[in-house]
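**Q** Protein sequence lines correspond, in order, to chains A and B.
Throughout, my numbering is defined as the position within the first sequence, counted from one, plus 1329.
Throughout, my numbering is defined as the position within the second sequence, counted from one, plus 1329.
Beta carbons are placed, not taken as given, at the ideal position from N, Cα and C, and that holds for glycine.
As the structure is a prediction and not an experimental result, all values here were calculated from the model.
Number of protein chains: 2
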Amino acid sequence: MGKSETRTETARAARTPRKTLSATGARAARRPAVAKAETPYHHGALREALLQAAERVLERDGLAGLTLRAVAREAGVSHAAPTHHFGDLTGLLSELAAVGFRQFNAAMASSCDAAATPLERALARPKAYVAYAQAHPGMYGIMFRTERLDYSRPSLHEAAEASFAGLANAIGMMRQEQISGDALTLNQGAAIARAWSMVHGFTMLLLDGRLEDILGRLPEGTTAERLLEAMLTAPITGKLPGP
Amino acid sequence: MGKSETRTETARAARTPRKTLSATGARAARRPAVAKAETPYHHGALREALLQAAERVLERDGLAGLTLRAVAREAGVSHAAPTHHFGDLTGLLSELAAVGFRQFNAAMASSCDAAATPLERALARPKAYVAYAQAHPGMYGIMFRTERLDYSRPSLHEAAEASFAGLANAIGMMRQEQISGDALTLNQGAAIARAWSMVHGFTMLLLDGRLEDILGRLPEGTTAERLLEAMLTAPITGKLPGP
DNA sequence: GCGAAATCTTTACACTGTCAATATTGCGTC
DNA sequence: GACGCAATATTGACAGTGTAAAGATTTCGC
């Protein structure tokens, strides 16, 4: 669209004037050195602005439209500005994935809290899992489909770890046994891997439209959520649970 | 590397001389009009050559390195040559995915045939599934990770459909009931979706290295294959199978 | 207040997919 | 057997991408 990067100038004009912004108390306490990680920039909280812009671009244009330059455009800065905050594309995607994992964890936690009966509690987590992915397919794609993620980044590592810990914990509660942090029996590991694999696989297949075939053959009006419920609760018939 | 596209000339020289190639009987029967879909090109079987080149590039440079131009370079043709055979990148990826699905189906079928006992038969398919993905992670990525696939292409549609049919059939045999092609009960659908989701999810998590955490906490020397086996055979403890 | 360091912009380069124009070759037809 | 057409490949161009280097600008520590 248009000639390359002619929007930069107009974008700069569109942004709130810098002098005004920095003259007002728009930025929170700049004194403590600890707060440096929060808003350490002299032009405004660009890091946060970029992440929010990225989320907007992702929802609007999908995973394919999420480029460094598109995010910079959306935030109204030059195309090279993100580099200084995230290093490269992998950095931006990783930080965005961390945001996603936090949203994701929060959604599952609140869903679990809202459940009353044991049955509801057991189903709340997987349902929230799938619901989040359906509501934010782009974000889920960033978190689980992209190869360009750097888990050595603390924020991403932590957020993803928390997600796993919540799952392991839920499995432990269901099995009514303590799951220690550093050692697992084969059966415990199998239970965790089974639960995670099942929900994750179901979500990916659903998002890719690969379950349409099955859903279309089921009794009229069966939703994906109902199918998931049946997967989790229906008795397992046959010689073995696996395919 | 180097200046853009200067390799074109050398690549052309490297290829077997055209006159020689077309003068020899290198190409199979060119008479029948039906064979047009097989080798309809006047310079050699470029379509096949491109697909093989793509497979090579994929194994060597991974999914990120698989570009139209890289494939063209690998095959020793100009960068625009693939366009005429596959339309665009989506076309090439889709045809390559079809190749992958056929390999995949063949691997599972032969693995099932080799099984003797009922237990082996039940485990052969998921094991072959994971084994293929581990042996060909790039191809598996093309098949299940890429968003750019066009399932309206007959070759891809057929190959993917065959994969699903094999799965549904295996589940039917295990449940000792006939699974009709056009209608499923909720429990049948749940069994199919459960099996597929579990194995697919396990594979993706394994390939993404997300199971390292679990594997590291299991008894010394537990392999991914052993974990999968436990997932499929271990008794399900707790109030519910799901997380 | 001032210098240094952090932050942003500009410029440049190699690479990508895709399109249009051109060249080349093989095949059916006369 | 030669000719013309259509299929096949090359060349060139263009917009877009990530990334690096160099130049501007502003904030912060002293």
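#1: If contact means a Cβ-Cβ distance below 7 angstroms, which residues of the region 1470-1481 of chain A contact chain B?
#2: By a C-beta neighbour count over all protein chains shown, 10 Å radius and 16 as the cutoff for buried, is Glu1487(B) buried or exposed?
#3: Looking at the structure shown, is Val1400(B) part of a helix, part of a strand, or coil, going by DSSP?
#4: List the residues of chain B that Asp1511(A) touches, going by C-beta distances under 7 angstroms, in chain order.
#5: Show which residues of chain B have a CB atom less than 7 angstroms away from the CB atom of Asp1542(A).
#6: For a quick check, are the C-beta atoms of Leu1380(B) and Val1428(B) less than 8 angstroms apart?
#7: Is the CB of Leu1556(A) under 8 angstroms away from at least one CB in chain B?
#8: For the alpha helix (DSSP H) containing Asp1511(B), name the first residue and the last one.
#9: What's the C-alpha gap between Pro1564(B) and Phe1415(B)?
#10: Tell me, to the nearest whole angstrom, how far the beta carbon of Gly1495(A) is from that of Met1437(A); I am working on the premise that it is less than 8 angstroms.
#11: Short check: CB of Arg1454(A) to CB of Ser1440(A), under 8 angstroms?
#12: Quick one: what's got a C-beta closer than 7 angstroms to Arg1546(B)'s C-beta in the same chain, skipping five residues either side?
#13: Can you name the residues of chain A whose CB is closer than 9 angstroms to the CB of Asn1516(B)?
#14: If contacts are defined as beta-carbon pairs under 8 angstroms, then Ala1464(A) and Leu1421(A) qualify, I think. What distance do you get, rounded to the angstrom?
#15: Report, in whole angstroms, the separation of the C-beta atoms of Ala1435(B) and Thr1532(B), which I expect to be a contact under 8 angstroms.
#16: Counting contacts by CB-CB distance shorter than 8 angstroms, is Ser1407(A) in contact with chain B?
#17: Please find out if some non-hydrogen atom of the ligand SAM comes closer than 7 angstroms to the beta-carbon of Glu1558(B).
#18: Between which two residues does the alpha helix (DSSP H) carrying Ile1543(B) extend?
#19: Straight-line CA distance for Val1363(A) to Leu1392(A)?
#20: Would you please state the rounded distance, in angstroms, between the beta carbons of Leu1395(A) and Pro1411(A)? I believe it to be under 8 angstroms.
#21: Could you tell me how far apart the beta carbons of Leu1478(B) and Ser1423(B) are, in whole angstroms, since I believe they sit closer than 8 angstroms?
#22: Contact between the region 1514-1521 of chain A and the region 1535-1545 of chain A is defined here as three or more beta-carbon pairs at a separation below 8 angstroms; is this criterion met?
#23: With distances taken between CB atoms, is the gap from Leu1561(A) to Leu1448(A) smaller than 8 angstroms?
#24: For the alpha helix (DSSP H) that contains Gly1470(B), what are its first and last residues?
#25: Buried or exposed: which applies to His1529(A), given that a residue is buried once 16 or more other Cβ atoms fall within 10 Å of its Cβ?
#26: Restricting to runs no shorter than 4 residues, where is the alpha helix (DSSP H) found entirely within the region 1414-1498 of chain A?
#27: When you compare the CB of Leu1387(B) with every CB in chain A, is at least one pair closer than 8 angstroms?
#28: Roughly how many angstroms lie between the CA atoms of Ala1343(B) and Gly1405(B), to the nearest whole one?
#29: Compute the Euclidean distance between the alpha carbons of Ser1526(B) and Val1400(B), then round it to the nearest angstrom.
#30: Leu1578(B): which of Gly1550(B), Tyr1469(B), Ala1443(B) and Lys1456(B) sits nearest, CA to CA?
#31: Looking at Leu1513(B) and Ile1543(A), is the spacing between their C-beta atoms short of 8 angstroms?
#32: What in chain A is Cβ-close to Thr1551(B), meaning under 9 angstroms?
#33: With 8 angstroms as the threshold, decide whether the Cβ of Met1527(A) is near any Cβ in chain B.
#34: Arg1386(A) lies in the alpha helix (DSSP H); which residues open and close that run?
#35: Residue range of the alpha helix (DSSP H) that Arg1555(A) falls in?
#36: Starting from the C-beta of Tyr1480(B), find all residues in its chain whose C-beta is less than 6 angstroms away, skip the five residues before and the five after it, and write them out in chain order.
**A** On the basis of the supplied data:
#1: Here the close residues are Arg1474 and Glu1476.
#2: Reading the second sequence from its first residue, position 158 is the one you call residue 1487(B). Glu1487(B) should be labelled exposed.
#3: On the second sequence, residue 1400(B) is found 71 positions in, with the first residue counted as 1. Looking at Val1400(B) - three-state DSSP - the assignment turns out to be helix.
#4: Working through the first sequence from its first residue, we reach residue 1511(A) at position 182. In chain order: Arg1546.
#5: One-based indexing of the first sequence puts residue 1542(A) at position 213. Under the 7 angstroms cutoff, chain B gives Phe1493.
#6: Numbered from 1 along the second sequence, position 51 holds the residue referred to as residue 1380(B). Numbered from 1 along the second sequence, position 99 holds the residue referred to as residue 1428(B). Against a cut-off of 8 angstroms, the Cβ pair of Val1428(B) and Leu1380(B) comes out as a contact.
#7: Within the first sequence, numbered from 1, the residue matching residue 1556(A) stands at position 227. The beta-carbon of Leu1556(A) is placed less than 8 angstroms from the nearest beta-carbon of chain B.
#8: As a first step, residue 1511(B) is located in the second sequence; it is residue number 182 there, counting from the start. Counting along the chain, Asp1511(B) falls outside any alpha helix (DSSP H), and DSSP gives it neither H nor E.
#9: For this step, residue 1564(B) is matched to residue 235 along the second sequence. For this step, residue 1415(B) is matched to residue 86 along the second sequence. For Pro1564(B) and Phe1415(B), the distance between alpha carbons rounds to 49 angstroms.
#10: Working through the first sequence from its first residue, we reach residue 1495(A) at position 166. Working through the first sequence from its first residue, we reach residue 1437(A) at position 108. That belief holds up - the Cβ atoms of Gly1495(A) and Met1437(A) are roughly 6 angstroms apart, short of 8 angstroms.
#11: Taking the first sequence and counting its residues from 1, one reaches residue 1454(A) at position 125. Taking the first sequence and counting its residues from 1, one reaches residue 1440(A) at position 111. Yes, the Cβ-Cβ distance between Arg1454(A) and Ser1440(A) is below 8 angstroms.
#12: In the second sequence, the residue the question calls residue 1546(B) occupies position 217. Counting only Cβ-Cβ distances below 7 angstroms, and skipping sequence neighbours, we find nothing.
#13: Numbered from its first residue, the second sequence carries residue 1516(B) at position 187. Chain A residues near Asn1516(B): Ala1559, Ala1563, Pro1564 and Thr1566.
#14: Position 135 of the first sequence, counting from 1, holds the residue named residue 1464(A). Position 92 of the first sequence, counting from 1, holds the residue named residue 1421(A). No, Ala1464(A) and Leu1421(A) are not in contact; Cβ-Cβ is about 22 angstroms, not under 8 angstroms.
#15: Translated into positions along the second sequence, residue 1435(B) becomes position 106. Translated into positions along the second sequence, residue 1532(B) becomes position 203. Between Thr1532(B) and Ala1435(B) the Cβ distance is about 18 angstroms, and since that is not below 8 angstroms, they are no contact.
#16: Taking the first sequence and counting its residues from 1, the one referred to as residue 1407(A) is at position 78. No, its Cβ sits nowhere closer than 8 angstroms to a Cβ of chain B.
#17: The ligand SAM is not among the ligands present in this structure, which contains no ligands whatsoever.
#18: By 1-based counting over the second sequence, the position of residue 1543(B) is 214. From DSSP, the alpha helix (DSSP H) with Ile1543(B) extends over Glu1541 to Arg1546.
#19: The residue labelled residue 1363(A) in the question sits at position 34 within the first sequence. The residue labelled residue 1392(A) in the question sits at position 63 within the first sequence. For Val1363(A), the predicted model reports a pLDDT of 32, less than 50, meaning its position is unreliable and no value from the coordinates is stated.
#20: Counted from its first residue, the first sequence places residue 1395(A) at position 66. Counted from its first residue, the first sequence places residue 1411(A) at position 82. Rounded, the Cβ-Cβ distance is 12 angstroms, inconsistent with contact.
#21: Here residue 1478(B) refers to the residue found at position 149 of the second sequence. Here residue 1423(B) refers to the residue found at position 94 of the second sequence. The pair is a contact, with the Cβ atoms about 5 angstroms apart (cut-off 8 angstroms).
#22: The region 1514-1521 of chain A makes no contact with the region 1535-1545 of chain A: fewer than 3 CB pairs, one atom from each, lie closer than 8 angstroms.
#23: If you number the first sequence from 1, residue 1561(A) lands on position 232. If you number the first sequence from 1, residue 1448(A) lands on position 119. Not closer than 8 angstroms, so no.
#24: Within the second sequence, the letter at position 141 stands for residue 1470(B). Element bounds for Gly1470(B): Pro1466 to Phe1473.
#25: Sequence index remark: in the first sequence, residue 1529(A) carries index 200 (1-based). Residue environment analysis places His1529(A) among the buried positions, since at least 16 neighbouring C-beta atoms fall within 10 angstroms of its C-beta.
#26: 1418-1443, 1447-1464 and 1466-1473
#27: Position 58 of the second sequence, counted from the start, is the residue given in the question as residue 1387(B). No, no contact with chain A.
#28: In the second sequence, the residue the question calls residue 1343(B) occupies position 14. In the second sequence, the residue the question calls residue 1405(B) occupies position 76. Confidence at Ala1343(B) is low in this model, with a pLDDT of 42, below 50, so its placement is unreliable and no value can be given for it.
#29: Locating residue 1526(B) in the second sequence gives position 197, where the first residue counts as 1. Locating residue 1400(B) in the second sequence gives position 71, where the first residue counts as 1. Those two C-alpha atoms are separated by around 33 angstroms.
#30: In the structure as shown, chain B begins at 1330 and stops at 1572. Residue 1578(B) is therefore absent and cannot be evaluated.
#31: Numbered from 1 along the first sequence, position 214 holds the residue referred to as residue 1543(A). Numbered from 1 along the second sequence, position 184 holds the residue referred to as residue 1513(B). Yes; because the gap between Cβ atoms is below 8 angstroms, this pair is in contact.
#32: Against the second sequence, residue 1551(B) aligns to sequence position 222. Neighbours of Thr1551(B) on chain A, chain order: Leu1515 and Gly1518.
#33: What you label residue 1527(A) is simply residue 198 of the first sequence in a count that begins at 1. By the rule that beta-carbons nearer than 8 angstroms mark a contact, Met1527(A) touches chain B.
#34: For the purposes of this step, residue 1386(A) is taken as the residue at position 57 of the first sequence. The question names Arg, yet the displayed sequence has Val at residue 1386(A). Following the DSSP letters along the chain, one finds Val1386(A) inside the alpha helix (DSSP H) bounded by residues Leu1375 to Gly1394.
#35: Sequence index remark: in the first sequence, residue 1555(A) carries index 226 (1-based). That run of the alpha helix (DSSP H) goes Ala1553 to Thr1562.
#36: In the second sequence, the residue the question calls residue 1480(B) occupies position 151. For Tyr1480(B), where only same-chain residues beyond five positions count, the Cβ hits under 6 angstroms are His1486.
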